[in-house]
Amino acid sequence: MITINEHYLKLQASYLFSDIARRVAAFQANNPHVEVIKLGIGDVTKPLPPACIAAFHQAVDEMADDASFRGYGPEQGYAFLREAIATHDFQARGADIQADEIFVSDGAKCDTGNIQELFGQQTRIAIPDPVYPVYLDTNVMAGRTGNYKDGRYEGIVYLDSTRENNFVPSLPTENVDLIYLCFPNNPTGSTITRAELQTWVDFARDNKALILFDAAYEVFIRDESLPHSIYEIPGAREVAIEFRSYSKSAGFTGTRCAYTVVPKECRAYDSKGGTQFVHPLWNRRHCTKFNGVSYPVQRAAEAVYSIDGKVQIKELADYYLENAAHVRQEMARLNFNFVGGENSPYVWINGGRDSWEFFDMLLNKAGVVCTPGAGFGRCGNGYIRISAFNSHENVQKAMARIHQALS
Ligand code: MLT
0 MITINEHYLK LQASYLFSDI ARRVAAFQAN NPHVEVIKLG IGDVTKPLPP
50 ACIAAFHQAV DEMADDASFR GYGPEQGYAF LREAIATHDF QARGADIQAD
100 EIFVSDGAKC DTGNIQELFG QQTRIAIPDP VYPVYLDTNV MAGRTGNYKD
150 GRYEGIVYLD STRENNFVPS LPTENVDLIY LCFPNNPTGS TITRAELQTW
200 VDFARDNKAL ILFDAAYEVF IRDESLPHSI YEIPGAREVA IEFRSYSKSA
250 GFTGTRCAYT VVPKECRAYD SKGGTQFVHP LWNRRHCTKF NGVSYPVQRA
300 AEAVYSIDGK VQIKELADYY LENAAHVRQE MARLNFNFVG GENSPYVWIN
350 GGRDSWEFFD MLLNKAGVVC TPGAGFGRCG NGYIRISAFN SHENVQKAMA
400 RIHQALS
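Residue numbers are given in numbering that gives the first Met the number 0: position 382 of the sequence shown equals residue 381, and the series is strictly consecutive.
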């Protein structure tokens, strides 16, 4: 008799963004004349930067020629991309990261979801609330939690991110082994200072814990005092893994390219307390389960680091940040409390009512899709997230419609 992994039965019925897509599709079927504006899932709308497109085209041409055709590439990514990443994303910021510590992949969603496989079943997990649902759901699937009760899974240490702590969770008071952090934060758009991040690195070092640092939104940082990478913080190499993505920075949501950084010194422990380095384990997993990102896509990603590419991705992020500024301005005019949108494409708004109710109201009365905060965790209830990923025209139209719906 074939049996299923019963941990899957503990999951909520569907993944947040699939649930939203279903509700929007039902609304659209009943209201075919309404032009729905999507400010829900953080999906980019602007095309790939010209430098990436040129590199992409050239690489496709290379694939059409016997002399330059390429089959399987290195699972970890081509050296040209890994070297560009190490130089521009890390060494240029004083972070000591080498090319062979970079693992190129097809998405930070997959990497943040898969990384937990490396750690023991009894690992005590600390997860912020609200949170990108992938961190939590993948641990549920792996059987590291109990059942779902009152909006939370038993066995998880939740790190509340609330207005009181400026949406940066405090250090856990319980023993934890694996800590998920994301800054600039999805969903709240909050940021972490160097001093605050240092306290997390010190905590991990003192408690033999490991930090999974999701920096998928670092391209939106405009406050130069903020860290772009956890490796800018002394002591992080031993205790942190970092995730990056070209999805939001260079518009690769449909093209797929990301990377994970595992420094050689990054350590965990075996059941006897012996030190085990994580790098060879992730390498082993990557080589076993992944066959590399396609050559043209890696060439397109490499172009992000060219002189033109750097200018173009800054312009791209600036474009979405202008939208975020507009959302902030309109939410202030409507007297809502909100955070985010300054070093982040997300604005986190306290709607003062149930967040699914607010979501339904905006959809039905304004034809605008947001993300209900409750979908990110119990602390998200009462909030909605508005994404800046859309055209200026659509964001302006959406804000005007929200004004009208609320007045
Ligand atoms: C989001 O809207 O939270 C993100 O776009 C989801 C993702 O990156 O997978």
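Idealized CB from N, CA, C, for every residue including glycine. Everything numeric in this text was worked out from a predicted model, so none of it was measured.
Query: Boundaries (first-last residue) of the alpha helix (DSSP H) holding F357; Result: 354-360
Query: Where the alpha helix (DSSP H) through A54 begins and ends; Result: 49-62
Query: Those residues which DSSP pairs with P46 across a bridge; Result: DSSP, once it has assigned bridges, lists no residue as partnering P46.
Query: Exposed unless 16 or more other CB atoms sit within 10 angstroms - verdict on A94; Result: buried
Query: Proximity winner among T198, L170, R123, relative to E153 (alpha-carbon distances); Result: R123
Query: Inter-residue spacing [alpha-carbon to alpha-carbon] between N138 and A66; Result: 45 Å
Query: Residues near R243 by beta carbon distance below 6 Å, same chain, minus five either side; Result: A214, Y258
Query: DSSP state of Y304 mapped onto helix, strand, coil; Result: helix
Query: Exposure label - F68; buried when at least 16 CB within 10 Å; Result: exposed
Query: 7 Å Cβ cutoff met for I232 and V200; Result: yes
Query: C-alpha distance - R266 paired with Q115, whole-angstrom precision; Result: 14 Å
Query: Sheet register partners of E241 (DSSP bridge); Result: F212, V260
Query: Cutoff 6 Å; reference F26; Cβ partners in own chain excluding five residues on either side; Result: L362
Query: Local conformation of C181 per DSSP, three classes; Result: strand
Query: Neighbourhood of N146 by C-beta distance below 8 Å, restricted to the same chain and skipping five residues each side; Result: K9, Y152, E153
Query: Neighbour-count burial assignment, Q403, 16 or more Cβ in a 10 Å radius; Result: exposed
Query: CA-to-CA distance, I1 to T190, given in whole angstroms; Result: 46 Å
Query: Close Cβ partners of I348 (< 7 Å) along its chain, the five nearest in sequence each way excluded; Result: M330, F335, F337, Y382, I383, I385
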